[in-house]
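In this note's numbering, the protein residues as written are 15 to 144.
Beneath this line is the structure, given in structure tokens, with notes to follow.
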């Protein structure tokens, strides 16, 4: 996903940058990327919930239509919906991955904001000493 690569690149640049105006620009850009990453996370969450609901519906339908005893029908429903469970699992992994990346990026924005504040203080102290 291009947005994630863009975020990674900005984070790498910011870690080696000490120019306040460039850091502020990076912070603003990261905030914008975070907005788009949130949209991707929301889409992934919806896909995960859809996959979950599809699997649960298929399980319930199998149990209702089955002539088997309830316990056996429930076990057989799990077997019959195995592929749907795999789709659900993949969707959940993608959602959790995006959620983790968004949260980590948000945390980095906080760290970057603190770095900018520290550099400003250093600059102000140096200016007073001159």
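All C-beta atoms in this analysis are idealised placements derived from N, C-alpha and C, irrespective of residue type, glycine included.
For residue j and residue i, the rounded distance between their alpha carbons
i	j	result
residue 124	residue 141	26 Å
residue 64	residue 51	20 Å
residue 58	residue 35	35 Å
residue 16	residue 27	17 Å
residue 103	residue 53	20 Å
residue 89	residue 29	52 Å
residue 66	residue 128	40 Å
residue 136	residue 33	12 Å
residue 108	residue 96	19 Å
residue 81	residue 49	50 Å
residue 134	residue 143	14 Å
Of the listed residues the options, nearest to residue i (C-alpha basis)
i	options	result
residue 118	65, 21, 16	21
residue 131	27, 19, 41, 114	41
residue 70	35, 33, 94	94
residue 47	115, 133, 107, 127	115
residue 62	135, 110, 138	110
residue 44	25, 81, 30	25
residue 106	60, 32, 33	60
With 16 other Cβ atoms within 10 Å as the buried cut-off, status of residue i
i	result
residue 112	buried
residue 56	exposed
residue 19	exposed
residue 73	buried
residue 91	buried
Whole-number beta carbon distance between residue j and residue i, since they are thought to touch under 8 Å
i	j	result
residue 77	residue 87	5 Å
residue 98	residue 121	Not really, about 35 Å apart at Cβ, beyond 8 Å.
residue 126	residue 37	6 Å
Residue i - containing alpha helix (DSSP H), residue span
i	result
residue 30	Premise fails: residue 30 is in no alpha helix (DSSP H) and is neither H nor E.
residue 81	From DSSP, residue 81 is part of no alpha helix (DSSP H); its letter is neither H nor E.
residue 103	96-143
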